[in-house]
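>
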Amino acid sequence: IDVLGDLSAVMAQGSHDAASERRIQRFYALQSVLSTITLRNTNDLTKILHQRLKDDFPDYHLFDLISGVQFFANKPTTVHLKHTNHFASAEHNNEIYQYRKIRCDVPTQASESEITMSEGKMHD
5 IDVLGDLSAV MAQGSHDAAS ERRIQRFYAL QSVLSTITLR NTNDLTKILH
55 QRLKDDFPDY HLFDLISGVQ FFANKPTTVH LKHTNHFASA EHNNEIYQYR
105 KIRCDVPTQA SESEITMSEG KMHD
């Protein structure tokens with residue numbers, strides 16, 4: 005008895021076309037811009053990234069902003085991000101978007117060395 009039926013219709017197939025190539029190039033371009041940004045302590049990381057990407061990234065879209073926040077959130081121990089219960093708004097393409105503020109705490113040199121030292125002790 006064939007319980008599952010023919011799965012070949014639902015199996016993913018890889019394809020290479022111009023649209024996927026553009027998305028890949030856009031991803032690498034965004035990563036390049038984000039890697040040049042030096043963060044500082046702020047109560048509104050979203051606002052800072054929105055301004056920088058709007059000015060420095062061609063054909064900026066709001067999903068680039070979400071990718072930018074994730075880029076920094078996924079970097080271990082370089083910054084501490086905290087979503088707050090405070091809201092702000094940003095304008096993009098004549099639309100107003102409301103978002104939850106993200107606080108960014110950048111460790112000082114002393115804090116970074118303490119983090120490194122404590123991580124080293126944990127592995128011993």
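Counting from 5, one number per residue, gives the positions in the sequence shown under my numbering. Where is the CB? At the ideal position from N, CA and C, for every residue including glycine.
How should Asp68 be labelled, buried or exposed, when 16 other C-beta atoms within 10 angstroms of its C-beta is the threshold for buried?
For the purposes of this step, residue 68 is taken as residue 64 along the sequence shown, with counting starting at 1. That one is buried.
> Please report the straight-line C-alpha distance between Glu95 and Ile106, rounded to a whole angstrom.
One-based indexing of the sequence shown puts residue 95 at position 91. One-based indexing of the sequence shown puts residue 106 at position 102. Roughly 17 Å separates the two Cα atoms.
> Unbroken beta strand (DSSP E) runs of length 3 or more, entirely within the segment 64 to 114: which are they?
Segments of the beta strand (DSSP E) lying fully in the segment 64 to 114: 84 to 96, 99 to 109.
> Using the beta-carbon count (16 or more within 10 Å), is Thr50 buried or exposed?
Within the sequence shown, the letter at position 46 stands for residue 50. Looking at its Cβ environment, which holds 16 or more other Cβ atoms inside 10 Å, Thr50 is buried.
> Roughly how many angstroms lie between the CA atoms of His90 and Asn47, to the nearest whole one?
For the purposes of this step, residue 90 is taken as the residue at position 86 of the sequence shown. For the purposes of this step, residue 47 is taken as the residue at position 43 of the sequence shown. Roughly 10 Å separates the two Cα atoms.
> For the candidate residues His65, Cys108, Phe75, whose alpha-carbon lies nearest to that of Asn98?
Position 94 of the sequence shown, counting from 1, holds the residue named residue 98. Of the candidates His65, Cys108, Phe75, the one whose C-alpha sits nearest the C-alpha of Asn98 is His65.
> How about Leu43 and Val110: do their beta carbons lie closer than 7 Å?
As a working note, residue 43 is residue 39 in the sequence shown. As a working note, residue 110 is residue 106 in the sequence shown. The answer is yes: Cβ separation under 7 Å.
> Name the DSSP beta bridge partners of Thr46, please?
Locating residue 46 in the sequence shown gives position 42, where the first residue counts as 1. The partner list for Thr46 (beta bridge, DSSP) reads Cys108.
> Determine the direct distance from the alpha carbon of Gln29 to that of Lys86, and round the result to whole angstroms.
Numbered from 1 along the sequence shown, position 82 holds the residue referred to as residue 86. Numbered from 1 along the sequence shown, position 25 holds the residue referred to as residue 29. Roughly 30 Å between the two C-alpha positions.
> Quick check: Ile70 and Arg56, are their CB atoms within less than 7 Å of each other?
Counting from 1 along the sequence shown, the entry for residue 70 is found at position 66. Counting from 1 along the sequence shown, the entry for residue 56 is found at position 52. No; because the gap between Cβ atoms is not below 7 Å, this pair is not in contact.
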